[in-house]
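Everything below concerns the one structure shown next.
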Amino acid sequence: MIDEALEQAGVALRDLDAVAVTYGPGLVGALAVGVAVAKSLALSLDLPLVGVNHLEGHIYAAFLTDPDLSFPALALVVSGGHTDLVGMPDHGQYHVLGRTRDDAAGEAFDKIARAMGLGYPGGPEIDRLARMGDPRSSGRADDSLEFSFSGIKTAALRTLHAAAAGDGQFKANLAAGFQRVVVEVLVDKTMRAARLLGVKTVIVVGGVAANTLLRAEVERACTAAGYRLVVPPPLLCTDNAVMIAAAGYYRLSRGYRSDLGLGAHSDLPLEQTPNDSSI
484 MIDEALEQAG VALRDLDAVA VTYGPGLVGA LAVGVAVAKS LALSLDLPLV
534 GVNHLEGHIY AAFLTDPDLS FPALALVVSG GHTDLVGMPD HGQYHVLGRT
584 RDDAAGEAFD KIARAMGLGY PGGPEIDRLA RMGDPRSSGR ADDSLEFSFS
634 GIKTAALRTL HAAAAGDGQF KANLAAGFQR VVVEVLVDKT MRAARLLGVK
684 TVIVVGGVAA NTLLRAEVER ACTAAGYRLV VPPPLLCTDN AVMIAAAGYY
734 RLSRGYRSDL GLGAHSDLPL EQTPNDSSI
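Numbering (my numbering), first residue to last: 484 to 762.
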């Protein structure tokens, strides 16, 4: 896999300046393998090792789209495992303003898609099906910056089960209504947090950021409010190695290094990301 990546990039191992690696959060087995390989490469090539928080990687996908992104910024990190609102005064500084109390938005999409007999991941399948539906369902977010998608998911599942299998149009309408409610909550809370912080830039990242309705609605809201919006292309919204390299580059440029004692962490809060020269 490493050889294939180098070949596609048109570079050799000798051309590298550092080795960046995700060390959390996530499945500890997979993380441990990645960290071990990264440490071996860094040691054998005598290169700096840079540990990167997975969520930080998602945020830095936005900098691949707009390297001159202005601070202070607000990031909505929305994926299968996380739904977080993160204030970012400057590079490497994170203040989590709100996060999900239960299901992440992407997790809710996956569960509804599975109940409908659609494919995995569920987000793109719901997005596709919703375009053929009527989103009559509507909801209003509460006044906090915390997220909760368990109730929305349960209501959609009850509706689906009550209708037994349902025809194709019923499922399309349910997908459209479910998607509309989730997007309204995400956009409403993001705009509320942006006003609270007085930010210049709004960033939307993570797998759910590829959702077409979310992209359209957050663009509409940011344009109306005068915020600069940065959303990576869909290819950079889902998990990818380029975003980890981007975060590693910014960390390296500020003098951050990890020692060879770096370990994998299944639970690694973004707000506890080290802000000194050693991780």
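For every residue, glycine included, the Cβ atom is placed at its ideal position computed from N, Cα and C.
Query	Result
Uninterrupted beta strand (DSSP E) stretches inside the segment 535–565 (no shorter than 3 residues)	556–561
Cβ-Cβ distance between alanine 488 and valine 502 below 8 Å	no
Short Cβ contact (8 Å threshold) for glycine 581 with phenylalanine 630	yes
CA-to-CA distance, aspartate 573 to glycine 692, given in whole angstroms	Note that residue 692 is alanine in the sequence shown here, rather than glycine. Their Cα atoms are separated by approximately 22 Å.
Identity of the residue in Ala639, Asp500, Pro715 nearest glutamine 662 by Cα	Ala639
Span of the alpha helix (DSSP H) around histidine 644	633–645
Touching by the beta-carbon criterion (3+ pairs, under 8 Å), the segment 698–708 and the segment 560–576	no
Selection from Leu528, Gly517, Asp593, Val685 that minimises the alpha carbon distance to aspartate 763	Any answer about residue 763 is impossible in this case: the structure gives the chain only from 484 up to 762.
Neighbour-count burial assignment, valine 518, 16 or more Cβ in a 10 Å radius	buried
Contacts around glycine 634, its chain only, beta-carbon distance under 6 Å, and the 5 residues preceding and following it disregarded	none
Own chain partners of leucine 547 with C-beta closer than 8 Å, once the 5 adjacent residues on each side are dropped	Pro715, Leu719, Val725, Met726, Ala729
Nearest to valine 504 (by Cα), restricted to the options Leu735, Met674, Lys683, Ala598	Leu735
Minimum C-alpha distance to arginine 698 - residue among Tyr506, Lys594, Leu712	Leu712
Cβ pair tyrosine 710, alanine 677 closer than 8 Å	yes
Nonlocal neighbours in the same chain, by C-beta distance under 6 Å from isoleucine 609, ignoring five residues either side	Phe592, Ala596, Ala658, Gln662
Whole-Å CB distance - glycine 564 paired with leucine 751, under 8 Å assumed	At roughly 12 Å, the Cβ-Cβ gap does not stay under 8 Å, so glycine 564 and leucine 751 are not in contact.
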